[in-house]
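Below: one structure, written as structure tokens.
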Amino acid sequence: MDNALATTLHPAPWSRATVFGLGASGFSTVKYLVALGVEVEVQDSRDVAPCYSELTRQFPHVPVQLGQFTTPNLGRGDLAVVSPGIALSEPVIEKARQQQVEIVGDIELFVRACPAPMLAITGSNGKTTVTTLVGQMLAAQGLNAPVAGNIGMPALDLLEGPIPDVVVLELSSFQLEATDSLKAKAAAILNLSPDHMDRYATVAQYLDAKRRILKGAVKGIINRDDPTLQKMDVSSAVEIISFGLDAPLRAADYGLATDSDGDDWIVRGHTRVLPVSSLTMTGRHNVMNALAALGLIESAGYEINPPALDALSAFRGLPHRCEPVLEREGVLWVNDSKGTNPGASEAALVGLDRPVVLIAGGQSKDA
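As structure tokens, then:
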């Protein structure tokens with residue numbers, strides 16, 4: 019079976035590159051560029067970078083600057099790769115842009131190099147759950163369907179293995195800002211609520227970053243219950259499939275319908291797919307996650323067959339995400355510590371079908 023790295027560009031179109039950020043994605047980028055024969059340097063504004071020791075062990079010839087960013091010695095035709103946690107408005111990145119340096123993220127490098135079809139998922143909440151669920155439902159059909167991006171291994175590391183049948187990418191707004199060539203077979207925006215307002219001046223800017231996932235996509239999967247997404251402008255070139263908790267009006271859309279016995283069903287158009295009661299994961303927000311996963315898989319041309327539905331039914335959700343911990347004396351204790359913005363916490367609270375005592379804390383990120 020072909021190694022994906024062997025199919026990428028040789029020789030590389032750049033002779034020199036600076037990688038900004040030495041976390042997992044930055045280190046993965048260094049490995050990729052060195053394999054292509056690019057002369058690489060690394061910068062990280064932290065005094066202690068997470069992957070510094072591993073970088074110096076594997077690539078002692080690669081220069082590393084810690085503690086601050088400085089304008090790289092790059093020019094027209096060279097490359098700057100910016101890790102997701104670094105804003106593209108950073109002065110040294112702006113200076114590199116003025117010098118006509120190509121500025122990208124690791125996801126952009128990955129989608130240019132990997133020949134496999136891509137399914138892509140973004141949203142303020144639920145990204146990791148839906149990405150994991152889609153990967154498991156595809157794997158249940160016998161497909162090599164790794165998940166990557168803002169989850170699990172850095173995407174570029176997938177190029178070291180065999181070419182997948184399909185790649186499932188979880189993408190944050192930060193990653194999407196530096197990605198232009200995604201062209202997903204199907205791309206989903208799960209929801210949108212204020213988040214990362216310490217990085218974006220307005221919610222509109224945040225939405226613009228999220229909307230980039232639809233650029234070049236064949237089909238887009240959109241939450242029709244989300245008022246912000248309902249008003250979002252979408253290119254007419256993208257066919258939109260919607261999902262929501264009401265009955266769908268179109269044959270290709272996903273939603274819920276109640277049968278004559280009062281039981282709720284997941285439906286596609288008027289076709290029953292699965293009783294809601296068969297889902298192991300709890301909460302209305304997780305029903306939405308199931309609808310999004312089904313819509314994404316089917317719109318991309320993959321089957322919703324019994325193995326896929328069995329995987330959906332058995333999926334318990336992820337640790338720390340509305341996770342039941344203990345029930346004692348009529349009180350259910352739920353761990354939702356991964357609810358890292360108000361929208362995520364609100365979705366979890368609304369999804370519970372009993373009175374709630376909330377124990378909460380954390381940072382608002384200006385949301």
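First residue of the sequence shown: 19, per the numbering used here; consecutive thereafter.
Glycine residues also receive a C-beta, built at the ideal position from the N, C-alpha and C atoms.
Query	Result
Is the separation between the beta-carbon of Cys69 and that of Gly93 shorter than 8 Å?	no
For Asn209, does the count of other Cβ atoms within 10 angstroms reach 16, so buried, or fall short, so exposed?	buried
Taking 7 Å as the limit between beta carbons, can you name the residues of its chain near Glu72, skipping five residues before and five after?	Phe45
Verify whether the separation of the beta carbon atoms of Leu189 and Ile240 is less than 8 Å.	no
By a C-beta neighbour count over all protein chains shown, 10 Å radius and 16 as the cutoff for buried, is Gln86 buried or exposed?	exposed
Report, in whole angstroms, the separation of the C-beta atoms of Val56 and Trp32, which I expect to be a contact under 8 Å.	6 Å
Closest to Gln154 by CA distance: which of Ala269, Ile322, Trp351 is it?	Ile322
With a 10 Å radius around its C-beta and 16 neighbouring C-beta atoms as the bar for buried, classify Gln193 as buried or exposed.	buried
What residues in its chain sit with their C-beta under 7 Å from that of Asp244, if we drop five residues either side in the sequence?	Asn209, Leu210
How many Å lie between Gly103 and Ser43 at the Cα?	10 Å
Which whole runs of the alpha helix (DSSP H) in the region 50-116 are 4 residues long or more, in chain order?	70-76, 109-116
Looking only at DSSP bridge pairs, what is Val186 linked to?	Leu137, Val165
How far does the alpha helix (DSSP H) with Ile315 in it reach, from first residue to last?	302-317
Check whether the Cβ atoms of Val110 and Ala196 lie closer than 8 Å to each other.	no
Excluding the 5 residues flanking Lys113 on each side, which residues of the same chain have their C-beta closer than 8 Å to its C-beta?	Thr89
Closer than 6 Å by C-beta to Val129: which residues in its own chain qualify, once you throw out the five before and the five after it? Chain order, please.	Ser199, Leu200
Following the continuous alpha helix (DSSP H) through Pro9, name the residue where it begins and the one where it ends.	Lying before the first or after the last residue shown, residue 9 is absent from the chain, which here runs from 19 to 385.
Less than 8 Å between the C-beta atoms of Ala310 and Gly287, yes or no?	no
Measuring straight from C-alpha to C-alpha, what distance separates Leu312 and Asn91?	48 Å
By a C-beta neighbour count over all protein chains shown, 10 Å radius and 16 as the cutoff for buried, is Ile377 buried or exposed?	exposed
Quick one: residues in its chain with C-beta nearer than 8 Å to the C-beta of Arg115, no 5 flanking neighbours on either side, listed in chain order?	Ile121
On the premise that Pro133 lies in contact with Ile181, defined as a C-beta separation below 8 Å, what is that separation, rounded to the nearest angstrom?	6 Å
Is Val305 closer than 8 Å to Leu292 when the C-beta atoms are compared?	no
Throw me the rounded Cβ distance for the Asp96 and Leu84 pair, which I believe falls under 8 Å.	Not confirmed; about 21 Å, so no contact.
Roughly how many angstroms lie between the CA atoms of Asp175 and Ala158, to the nearest whole one?	23 Å
Might you give, ordered along the chain, the residues of its own chain that have their beta carbon closer than 7 Å to the beta carbon of Arg217, omitting 5 neighbours on each side?	Ala105
For Ala275, I'd like the list of residues in its chain whose CB is within less than 7 Å of its CB, leaving aside the five on either flank, ordered along the chain.	Ala265, Trp283, Val285
Would you give the residue range spanned by the beta strand (DSSP E) that Ser260 belongs to?	257-261
Apart from the five residues on each side of it in sequence, which residues of its chain come closer than 7 Å, Cβ to Cβ, to Thr146?	Ile169, Glu188, Leu336
Given that a residue counts as buried once 16 or more other Cβ atoms are within 10 Å of its Cβ, and exposed if not, what is Arg242?	buried
Go to Gly273, then tell me how far its beta strand (DSSP E) extends in each direction, as first and last residue.	272-276
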